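Scroll down for the structure; my scribbles are underneath it.
Residue numbers (my numbering): 24 to 350.
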């Protein structure tokens, strides 16, 4: 007959081990949950998916193809600016860049190497975050705190600008004023303004009718949401800026929290992604707080980062195929 008398004692001795195992399992589950929450908030889970998907892909015609880019100018401090450099747009007519600074509010004009050319203090504007060149002397400006977009003219050679009496379009994007309008880009081919909401929720809006409303011709401003076409949504914890490559029509979305620049076709198809991390794309250091992005006439990509940093990424000369955009 088998003797089972040893079992109670053995079971008793096993209880602490089982309790320890259960505690370790609970700790692991909680750690995974917290990590998953952090990954979701930062958007890095989606970025990882994009990078893996990108490794299986090849450069396609009609794409910017961010893997072909490397840093040509990186982390250059814009002399004369101390902090709060945010937003960026390329003016193809002047061949220069325009950005915004808040506290105090001002517009700055920069050379393609990041030199400060002009400062234009602003009156009547609170918390500017995004700027877009429309045409000629016409620009659009985003006020994050008031959640509105202002269209205005910036005279050639102006050294100050009073926009106190300029009417704007209030978008009412949510309860959190500091998580509202963050980036702007003017889609000249379709006469519409592309707007990024920073977070809660993260989204891109397409706005038409602003020009007519600003001129008092019509009150019908149409706002539609543009959505990326994959299950991870925007694959970013926030959206700090947006621009469009005029050659292909593809969008570039910048995320400060995720530290990435992502390329999408206009139909929402993800194309490529560029991590702005140390060791990637020739970066000696991680871009600390990416806030503005613009594309130049040769396809070069410009970035600004708070407090006052300037970057330029150039495409490898060995990879130059770009197809014409389709609108």
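Just so it is clear, CB atoms sit at the ideal spot from N, CA and C, and this is done for glycine as well. Quantities reported herein were computed from a predicted structural model and do not represent experimental measurements.
Check whether residue 184 and residue 173 have beta carbons under 8 Å apart: no
Span separating the alpha-carbon of residue 272 from that of residue 217: 12 Å
Assigned secondary structure, residue 178 (DSSP; H/G/I helix, E/B strand, else coil): coil
Alpha helix (DSSP H) segments (min. 4 residues) lying fully within the region 205-244: 233-237
Cβ-Cβ distance between residue 286 and residue 312 below 8 Å: no
Assigned secondary structure, residue 91 (DSSP; H/G/I helix, E/B strand, else coil): helix
C-beta neighbour in chain B for residue 95, strict 8 Å: Among the chains of the structure shown, chain B does not appear; only one protein chain is present.
Exposure label - residue 162; buried when at least 16 CB within 10 Å: Under this definition residue 162 is a buried residue.
Local conformation of residue 307 per DSSP, three classes: coil
DSSP bridge partner residues for residue 315 (one or two, in chain order): Residue 315 pairs with 327.
For residue 112, three-class secondary structure by DSSP: strand
Cβ contact (3+ pairs, closer than 8 Å) linking the region 86-98 and the region 235-250: no
Limits of the unbroken beta strand (DSSP E) element including residue 337: 332-338
Nearest candidate by alpha-carbon position, reference residue 249, set 116, 180, 274: Residue 249 has its Cα closest to that of 274, out of 116, 180, 274.
Nearest-angstrom Cα separation, counted from residue 170 out to residue 194: When rounded, the distance between both Cα atoms is 6 Å.
Residues sharing a beta bridge with residue 271, DSSP: Paired residues: none, contrary to the question.
Close-in-space but distant-in-sequence residues of the same chain around residue 146 (CB under 6 Å, 5 per side omitted): In its chain, beyond the 5 residues on either side, 185, 187 have a beta carbon closer than 6 Å to the beta carbon of residue 146.
Own chain, CB closer than 7 Å to residue 315, minus 5 neighbours either side, in chain order: 109, 110, 111, 122, 264, 326, 327
Cβ-based neighbour list, residue 232, same chain, cut-off 7 Å, excluding 5 preceding and 5 following: 241, 243, 244, 245
Own chain partners of residue 21 with C-beta closer than 6 Å, once the 5 adjacent residues on each side are dropped: Past the edges of the chain, shown from 24 to 350, lies residue 21, and the structure says nothing about it.
8 Å Cβ shell around residue 306 - same chain, five flanking residues per side excluded: Non-local beta-carbon contacts of residue 306 in its own chain, meaning distances under 8 Å to residues more than five positions away in sequence, involve 94, 97, 299, 300 in chain order.
Buried or exposed by the 16-neighbour rule on C-beta atoms within 10 Å, applied to residue 266: buried
Nearest residue (CA-CA) to residue 205, options 211, 221, 192: 221
DSSP three-state assignment for residue 190, whether helix, strand or coil: coil
Residue 156 - containing beta strand (DSSP E), residue span: Counting along the chain, the beta strand (DSSP E) containing residue 156 begins and ends at 151-158.
Option in 276, 140, 268, 100 with minimal Cα separation from residue 257: 276
Assigned secondary structure, residue 138 (DSSP; H/G/I helix, E/B strand, else coil): coil
Three-way DSSP call (helix, strand, coil) for residue 129 in this model: Residue state, collapsed to three classes: strand.
Nearest to residue 191 (by Cα), restricted to the options 155, 259, 165: 165
C-alpha distance - residue 203 paired with residue 153, whole-angstrom precision: 11 Å
Proximity below 8 Å, CB of residue 157 to CB of residue 209: yes
DSSP state of residue 266 mapped onto helix, strand, coil: Assigned with DSSP and collapsed to three states, residue 266 falls in strand.
Cβ neighbour criterion (16 or more within 10 Å) applied to residue 219: buried
Near the ligand GDP: residue 245 beta-carbon under 7 Å from a heavy atom: Among the components of this structure there are no ligands whatsoever, and the ligand GDP is therefore not found.
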